[in-house]
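Have a look at the structure below, then the notes.
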Amino acid sequence: MESQRDGHYKEALRYLYGLQKYGIKFGLSKTTNLLRAVGDPHLGQNYIHIGGTNGKGSVAAFAANVLQQAGYRVGLYTSPHLVSFRERFKIDGIPISKGEVVQLVEEIRRGVVESEPPTFFEFTTAMALLHFARQGAEVAVMEVGMGGRLDATNVITPLISIITNISMEHQFFLGKTLLEITREKAGIIKEGVPVITGAWQSKVLEYLRDVSGKKKAPFFRVGRDFRYRTTQQGLYYRGRRWSLGPLKLEIGRA
Numbered sequence: 004m005e006s007q008r009d010g011h012y013k014e015a016l017r018y019l020y021g022l023q024k025y026g027i028k029f030g031l032s033k034t035t036n037l038l039r040a041v042g043d044p045h046l047g048q049n050y051i052h053i054g055g056t057n058g059k060g061s062v063a064a065f066a067a068n069v070l071q072q073a074g075y076r077v078g079l080y081t082s083p084h085l086v087s088f089r090e091r092f093k094i095d096g097i098p099i100s101k102g103e104v105v106q107l108v109e110e111i112r113r114g115v116v117e118s119e120p121p122t123f124f125e126f127t128t129a130m131a132l133l134h135f136a137r138q139g140a141e142v143a144v145m146e147v148g149m150g151g152r153l154d155a156t157n158v159i160t161p162l163i164s165i166i167t168n169i170s171m172e173h174q175f176f177l178g179k180t181l182l183e184i185t186r187e188k189a190g191i192i193k194e195g196v197p198v199i200t201g202a203w204q205s206k207v208l209e210y211l212r213d214v215s216g217k218k219k220a221p222f223f224r225v226g227r228d229f230r231y232r233t234t235q236q237g238l239y240y241r242g243r244r245w246s247l248g249p250l251k252l253e254i255g256r257a
């Protein structure tokens, strides 16, 4: 027999998946409005923002694990999920509970303007940001959904922005050329916030470097400013030291 909790959870999922009929719509206004209605929980929080074409989820999971091993309470927001919707929102590796999903959906839903309904991803991003703030996450790792500039996750101001790599993808939404796609993904670069990339194409690097320079954002490249390799014994790092703002965490040896 289905429990009342499970019934409420299934009802919450029906509402969320019902938002998929609105498709993919880029822009920050709806996510911003949803967050404003619940008190702007994302403001003043610590984030790591991860975009790029491939490897976003793996890098996000790795970053969250490193931070957790350093003793921090860490939020992790990724998509899509593999088995359970709850996988999208984790605190210290533990998925959100069914009850918390229900509570967040009910609360955020009250801020929805019927004439301007949010997309599925806009709503779930607001859920993640509210959940991490409520759960006292000391830092949250946020994976971009698609693109970057107008992705719902771009309402945050992170401690560091990571662009894993850039190649041709989602051309209908992001642009027909590599440079057009790069412009969208470079949209997560913020004023004064360090940027790390594993991109390798010269025109991509030139554009990312130019945007970073204009925004006075320190720019670092994998393979130039630092290197790493993995073995069965662990990960070996060589390069500069990293300090993530207010986090008492240092990575690497000079």
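Numbering (the numbering used here), first residue to last: 4 to 257.
Ideal Cβ positions, reconstructed from N, Cα and C, are used throughout, including at glycine.
Ranking A40, T200 and Y80 by CA distance to the CA of G114 puts A40 first. For I163, the closest of L132, G195, K59 and H134 by C-alpha to C-alpha distance is G195. When DSSP states are grouped into helix, strand and coil, S82 belongs to the coil group.
As computed with DSSP, S87 is found in no beta bridge at all. Per DSSP, the beta-bridge partners of K93 are L79 and P98. For G60, no beta strand (DSSP E) segment is defined; the enclosing uninterrupted segment is the alpha helix (DSSP H) at K59 to Q72. Leaving aside the five residues that flank T35 on each side, the residues in its chain whose CB is nearer than 8 angstroms to its CB run, in chain order, V158. Judged by DSSP secondary structure, G54 falls within the beta strand (DSSP E) whose first and last residues are Y50 to G54.
The segment 12 to 21 makes no contact with the segment 133 to 142, as fewer than three CB pairs between them are under 8 angstroms. For the pair K251 and G10, the Cα-to-Cα distance works out to about 43 angstroms. Taking 7 angstroms as the cut-off, the Cβ atoms of P44 and L132 count as close. When the Cα atoms are used, L85 and R91 turn out to be separated by approximately 9 angstroms.
If the five residues before and after D154 are omitted, its C-beta is found closer than 6 angstroms to the C-beta atoms of V147 and G148, all from its own chain and listed in chain order. Under the 10 Å beta carbon count, E125 is surrounded by 16 or more other beta carbons and is classified as buried. For the segment 166 to 239, the continuous alpha helix (DSSP H) assignments of 4+ residues that do not extend past its boundaries occur at 174 to 177, 181 to 188 and 205 to 217, in sequence order. Exposed is the label assigned to I97, since fewer than 16 other Cβ atoms lie within 10 Å of its Cβ. Between P121 and K33, the C-beta spacing is below 7 angstroms. V198 and S82 have their alpha carbons spaced roughly 22 angstroms apart.
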